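Chains as they are written, first to last, in this note's numbering: chain B, 1 to 362; chain U, 1001 to 1362.
C-beta: ideal position from N, C-alpha, C; glycine also.
These figures come from a predicted structure and were not determined experimentally.
There are 2 protein chains.
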Amino acid sequence: MTQQETRTLWWEGGLDGVCKMIEQTKLPGTLEIIDVTTQEEMWDAIKRLAVRGAPAIGVSAAIGTVLGIRSSAASDRAAFLEDLEATTDYLATSRPTAVNLFWGLDRMTRVAHATPADMSVPDLKQHLLDEAITIWNEDRAICRALGKHGHPLLAPGEAALTHCNAGGLATADYGTALAVFFAAQEAGKEFSVFADETRPLNQGSRLTAWELHNRGIDVTLICDNMAGQVMKEGRIHKVFVGSDRIAANGDACNKIGTYSVSVLAKAHGVPFYVVAPTSTFDMTLADGSLIPIEQRDPDEIRRGYSGINAPADVKVYNPAFDVTPHENIAGIVTEFGVIENPDTEKVRKHFIENGVIAEERV
Amino acid sequence: MTQQETRTLWWEGGLDGVCKMIEQTKLPGTLEIIDVTTQEEMWDAIKRLAVRGAPAIGVSAAIGTVLGIRSSAASDRAAFLEDLEATTDYLATSRPTAVNLFWGLDRMTRVAHATPADMSVPDLKQHLLDEAITIWNEDRAICRALGKHGHPLLAPGEAALTHCNAGGLATADYGTALAVFFAAQEAGKEFSVFADETRPLNQGSRLTAWELHNRGIDVTLICDNMAGQVMKEGRIHKVFVGSDRIAANGDACNKIGTYSVSVLAKAHGVPFYVVAPTSTFDMTLADGSLIPIEQRDPDEIRRGYSGINAPADVKVYNPAFDVTPHENIAGIVTEFGVIENPDTEKVRKHFIENGVIAEERV
């Protein structure tokens, strides 16, 4: 299976075109491509995790905006911008944690407002489609930059642990944390990967193991509770994970269980790296305690994919994410390089040095 | 459902009787009682986890011995003792980690050899059945003692975390770690429990949540990777787990993932208690690194209970147990009381003070 075939989502055609998307809930059993043609279908795809992963959600937000406004009956700019706001407000309700969702929606809004006042409604629609495709292309370029900056952190012969799926399937393609492995492979480096299963939705076993396995990378699947044991056995040299939102001090929110991995890594002296585009930073939040954590359906744990795993009405606590404090993070890899031992000052410095406008990371 | 109904296994009838057993692989969906009538059926029941949990495996070893030798055609003592050895050697191959298996087999062997030299073969068979029933009764009494010694460690209003199933289903009934909760409930104490799901076989969600839920104890199910987050939120005050084998220095082997929990507990200042009968100690092993760890079928992780969770041929690492170093253990609760901050000296002292013969803990 080539990389091309594992593109996560893409646009086909012009303004009357369609968003094609891998139906990720069916992996690894079935590789099904679905059509997403309305904002409601995009909202639903994001909500039920047909598309997931912070950068892919950012791209989906932009494409979802196009799907929402392309049928706008507005005859003037003011009415069109109102329709746009209704669409972005609606899409913003799909999932609360990944800041890339809001980043994508805000960027589409900003771009629309920045157009010449005399741009016609059809031209506005085309302009927003062009912008969504630009975001998609940028995401692919950013992922390759993440791989380039990240793979030197993995020495030849080392083994890395990853949690959840921060792979091609979490982005337009190629991935964030997994980009490190793809870049290492392309550089001819010998290495191996342990993939946490990542309960309750098994993104690690279903998606990460699938992506790495497909590319011929040496991957071993473990249950989440085995990470400590594998570290104790000296078999893990580095941890690489993605992130859904990073606060201004470097606290990084990611799939539930990432925090546990960071504590285990620290206890075993294993450097823990976060790999994420700068669109993942939310500079309005001083620290990770301010990041809203999505609570998901208890039946994801009680019932799993099929059959029943637990008493049908037992109480369940099912947070989708947790926050890793910056003290547990050896470095954050962005498309511009590595923020080592991140804190508020170093994050700010990284943004300034690389010309990233902090105010846009809302 | 009453406690009586959740007995894990028991003997019905005389020497031509039958071992009744809950088929634990079908819980919580179905409460099925199976008949175990031969040593081969007992070996299989232990191997495929129809019966599991260290103390229950000890009782199963004793009953399995009876099932093996009751049909012995030996006409004299020497031939009978040879048949006995063949049976215990066979049953010893079912699972490698829980020392209680070997303890149960050794006790049956010792008891047979300690009989008067002129005891007839039929009387020897009856004597071993009596001993197996004695072991079963002792196990029930020991579990109640564990509860009595353990529940003062849980203060009113506190919440405890437990991993895997160290409940009635892991013993003749009542449990080891869960005995603490049952005793606390009987004492009218207010408390709550978080139960780790315990991948890959979900003993936490299938068995622990089921047992606690049945008894009206406030239990919340979490995935293994959520334990760190729940501790960080300040919601866990104590950890109680069982053990499959404890080395002479207090290093405690238990279900895979227990070690991770101990590291997380230490990082959050949460006391971590092991609750186990002294039959769990293997005084021949200086420390936990000498405990053999069972490696199980990769498909337990790849396929789970139904359907496929991961690429069908992806490499898997599937250890069934890990070892918690004694430095991470606040106390080991035995039927005689609590060994606080256990080490080699304190374990030895506990054995001497309580008249336990260390040499029998092989």
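Are the beta-carbon atoms of residue i and residue j separated by less than 9 angstroms?
i: tryptophan 1043/U; j: serine 1279/U; result: no
i: serine 1260/U; j: serine 260/B; result: yes
i: glycine 1331/U; j: leucine 1153/U; result: yes
i: threonine 334/B; j: leucine 146/B; result: yes
i: isoleucine 69/B; j: lysine 125/B; result: yes
i: alanine 1132/U; j: alanine 1062/U; result: yes
i: arginine 215/B; j: glutamine 185/B; result: yes
i: glutamine 24/B; j: arginine 206/B; result: yes
i: phenylalanine 258/B; j: aspartate 322/B; result: The question names phenylalanine, yet the displayed sequence has threonine at residue 258/B. A contact, by the Cβ cut-off of 9 angstroms.
i: arginine 52/B; j: alanine 117/B; result: no
i: alanine 1166/U; j: threonine 1208/U; result: yes
i: alanine 1276/U; j: glycine 1242/U; result: yes
i: proline 1008/U; j: glutamine 1039/U; result: Note on residue identity: the sequence assigns threonine, not proline, to residue 1008/U. It is not a contact, given that the beta carbons lie outside the stated cut-off.
i: alanine 74/B; j: glutamate 82/B; result: yes
i: threonine 1037/U; j: valine 1018/U; result: yes
i: histidine 1151/U; j: valine 1180/U; result: yes
i: isoleucine 1293/U; j: proline 1319/U; result: yes
Look up residue i in the DSSP assignment and say whether it is helix, strand or coil.
i: methionine 1414/U; result: A question about residue 1414/U goes unanswered here, because the residues of chain U that appear run from 1001 up to 1362.
i: arginine 1107/U; result: helix
i: asparagine 254/B; result: strand
i: arginine 95/B; result: coil
i: glycine 1337/U; result: strand
i: leucine 1264/U; result: helix
i: phenylalanine 317/B; result: In the sequence under discussion, the amino acid at residue 317/B is tyrosine, which differs from the phenylalanine named in the question. Correct three-state label for tyrosine 317/B: coil.
i: histidine 1284/U; result: Residue identity check: residue 1284/U is threonine in the sequence provided, not histidine. Coil, per DSSP.
i: glutamate 1294/U; result: coil
i: glycine 1331/U; result: strand
i: isoleucine 1352/U; result: helix
i: alanine 1247/U; result: strand
i: valine 66/B; result: helix
i: aspartate 299/B; result: helix
i: threonine 88/B; result: helix
i: valine 270/B; result: coil
i: threonine 134/B; result: helix
i: aspartate 343/B; result: coil
i: threonine 1278/U; result: helix
i: aspartate 1123/U; result: helix
i: aspartate 118/B; result: coil
i: alanine 79/B; result: helix
i: serine 289/B; result: helix
i: alanine 112/B; result: helix
i: alanine 1141/U; result: helix
Would you call residue i buried or exposed, if buried means 16 or more other Cβ atoms sit within 10 Å of its Cβ?
i: lysine 363/B; result: The shown model of chain B, from 1 to 362, leaves out residue 363/B, and the question about it has no answer.
i: alanine 1112/U; result: buried
i: alanine 114/B; result: exposed
i: proline 1200/U; result: buried
i: glutamine 229/B; result: buried
i: aspartate 1251/U; result: buried
i: valine 362/B; result: Bear in mind that a pLDDT of 44 at valine 362/B, under 50, signals an unreliable position, so the model cannot answer this.
i: glycine 288/B; result: buried
i: aspartate 35/B; result: exposed
i: arginine 1245/U; result: buried
i: alanine 1187/U; result: exposed
i: alanine 368/B; result: An answer regarding residue 368/B cannot be provided, because it is not within the stretch 1 to 362 covered by chain B.
i: glutamate 345/B; result: exposed
i: glycine 13/B; result: exposed
i: glycine 355/B; result: exposed
i: leucine 1015/U; result: exposed
i: proline 311/B; result: buried
i: arginine 110/B; result: exposed
i: glycine 234/B; result: exposed
i: lysine 26/B; result: exposed
Can we count residue i as close to the ligand NAP, meaning its CB is less than 8 angstroms from some heavy atom?
i: cysteine 19/B; result: By its list of ligands, the structure shown contains no ligand whatsoever, and the ligand NAP lies outside what it can speak to.
Tell me, which residues are paired with residue i by DSSP?
i: tryptophan 1011/U; result: Cys1019/U
i: aspartate 1322/U; result: Asn1254/U
i: lysine 238/B; result: Ala160/B
Mind pulling the chain A residues with CB within less than 8 angstroms of residue i?
i: aspartate 16/B; result: Although the question refers to chain A, the structure presented lacks it and instead comprises the protein chains B and U.
Give, in chain order, every unbroken run of the alpha helix (DSSP H) that is at least 4 residues long and sits entirely within the stretch 150 to 226 of chain B. Correct list: 177 to 186, 209 to 214.
Could you tell me which uninterrupted alpha helix (DSSP H) segments, each at least 4 residues in length, are contained entirely in the stretch 1015 to 1064 of chain U, listed from first to last along the chain? Complete alpha helix (DSSP H) runs here, min 4: 1039 to 1047.
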